[in-house]
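J.: Just passing along the structure, written as structure tokens.
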Amino acid sequence: MFQEIKDAVSTREAASFYGLKIGRGGMACCPFHDDKHPSMKVDARFHCFGCGADGDVINFVQKMFSLDAKQAAFKLIDDFHLNIDTKRKESKHEKNQRIRLQKEKERKEKIRVAYAEEFRRFRSRMGDIFRTLHNWILDYEPTREQWEAGNIDEHYICAINNRDPVDWILETLDFGEDAEIYEQYKHREETIASYERKLTDAAGRATGRSGERPSSNSEPERIA
Ligand SMILES: [Zn+2]
Numbered sequence: 003m004f005q006e007i008k009d010a011v012s013t014r015e016a017a018s019f020y021g022l023k024i025g026r027g028g029m030a031c032c033p034f035h036d037d038k039h040p041s042m043k044v045d046a047r048f049h050c051f052g053c054g055a056d057g058d059v060i061n062f063v064q065k066m067f068s069l070d071a072k073q074a075a076f077k078l079i080d081d082f083h084l085n086i087d088t089k090r091k092e093s094k095h096e097k098n099q100r101i102r103l104q105k106e107k108e109r110k111e112k113i114r115v116a117y118a119e120e121f122r123r124f125r126s127r128m129g130d131i132f133r134t135l136h137n138w139i140l141d142y143e144p145t146r147e148q149w150e151a152g153n154i155d156e157h158y159i160c161a162i163n164n165r166d167p168v169d170w171i172l173e174t175l176d177f178g179e180d181a182e183i184y185e186q187y188k189h190r191e192e193t194i195a196s197y198e199r200k201l202t203d204a205a206g207r208a209t210g211r212s213g214e215r216p217s218s219n220s221e222p223e224r225i226a
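Per my numbering, the sequence shown runs over residues 3 to 226.
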């Protein structure tokens, strides 16, 4: 933007526009010090041989009107009706657009973080369920006598029926394709509730029976 302005307006044009009297050879009385005799050379740039003031058209306007570089640039664009694309032109429609995009980005980021958190919670809950089932298989494994008597602990039956399906869900969450993972994620509440219920029910039946189960046989699958 600055270069475009400098290409479009020389310091001499600007100085003249802002009321500086420029004599032959581009010499003018310096507006930046108390100059009685023209000691400033004004052309594409300006240089004062009296006070050393020096710069380009933007510096000139800055010094003359006590502006920063950007404000000076905008002033030149306005005063000389320059057709230069500036950030200022963005400030209405495009600025709103930019803010809207920024907000949308933030919103998506929030969703992404929430998803990641929820996913971790699901993964961790299924991991807990798997460990419980795995431990039940070790802890409640029937003895030979219990097998023969058909006296299989409910914990064990539940664990045998459900450990592998839970393991499969964990495998999918860890190594599945995005679509498979999302499919599991979508149903996470039902999945967690369903396995938690199975665990609770099995534990309930086990304590309710206190070791006796008259109608039992040794087919764990029937609980599935
Ligand atoms: Zn000067």
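Where a beta carbon is used, it is the ideal one built from N, C-alpha and C, also for glycine.
Which first and last residues belong to the alpha helix (DSSP H) in which V168 is found?
T.: Taking the sequence shown and counting its residues from 1, the one referred to as residue 168 is at position 166. 156 to 177 is the span of the alpha helix (DSSP H), which, as asked, contains V168.
J.: Can you tell me where the alpha helix (DSSP H) with M66 in it begins and where it stops?
T.: Position 64 of the sequence shown holds residue 66. Looking at the DSSP string, the run of the alpha helix (DSSP H) that includes M66 is 59 to 67.
J.: Give me the Cα-Cα distance between C31 and K105, rounded to the nearest whole angstrom.
T.: Taking the first residue of the sequence shown as position 1, residue 31 is located at position 29. Taking the first residue of the sequence shown as position 1, residue 105 is located at position 103. Approximately 53 Å between the Cα atoms of the pair.
J.: May I ask which residues mark the beginning and end of the beta strand (DSSP E) holding F19?
T.: To locate residue 19, count along the sequence shown from 1; it is residue 17. Looking at the DSSP string, F19 is not in any beta strand (DSSP E); the run it does join, the alpha helix (DSSP H), is 13 to 19.
J.: Which whole-angstrom value describes the C-beta separation of H14 and D45, a residue pair presumed to lie in contact below a C-beta threshold of 8 Å?
T.: For this step, residue 14 is matched to residue 12 along the sequence shown. For this step, residue 45 is matched to residue 43 along the sequence shown. Checking the sequence shown, residue 14 turns out to be Arg, not His. Rounded, the Cβ-Cβ distance is 6 Å, consistent with contact.
J.: Where does the unbroken alpha helix (DSSP H) through K188 begin, and where does it stop?
T.: Reading the sequence shown from its first residue, position 186 is the one you call residue 188. Taken as a continuous stretch (DSSP letters only), the alpha helix (DSSP H) holding K188 covers 180 to 188.
J.: Check whether the Cβ atoms of A10 and F67 sit closer than 8 Å, and answer yes or no.
T.: Locating residue 10 in the sequence shown gives position 8, counting from the first residue. Locating residue 67 in the sequence shown gives position 65, counting from the first residue. No, these two residues do not count as a Cβ contact at 8 Å.
J.: If you follow the beta strand (DSSP E) that F48 is part of, which residue opens it and which one closes it?
T.: What you label residue 48 is simply residue 46 of the sequence shown in a count that begins at 1. Looking at the DSSP string, the run of the beta strand (DSSP E) that includes F48 is 48 to 50.
J.: Going by the CB atoms, is the gap between E182 and T193 shorter than 8 Å?
T.: To locate residue 193, count along the sequence shown from 1; it is residue 191. To locate residue 182, count along the sequence shown from 1; it is residue 180. Cβ distance not < 8 Å, so T193 and E182 don't count as in contact.
J.: Should F1 be counted as a contact of ligand 1 given a C-beta to heavy atom distance under 7 Å?
T.: Shown here, the chain extends from 3 to 226; a query on residue 1 therefore has no answer.
J.: With DSSP as the reference, identify every bridge partner of R30, one or two as the case may be.
T.: In the sequence shown, counting from the first residue as 1, residue 30 sits at position 28. Going by the sequence as given, residue 30 is Ala instead of Arg. A30 is bridged to I24, M42.
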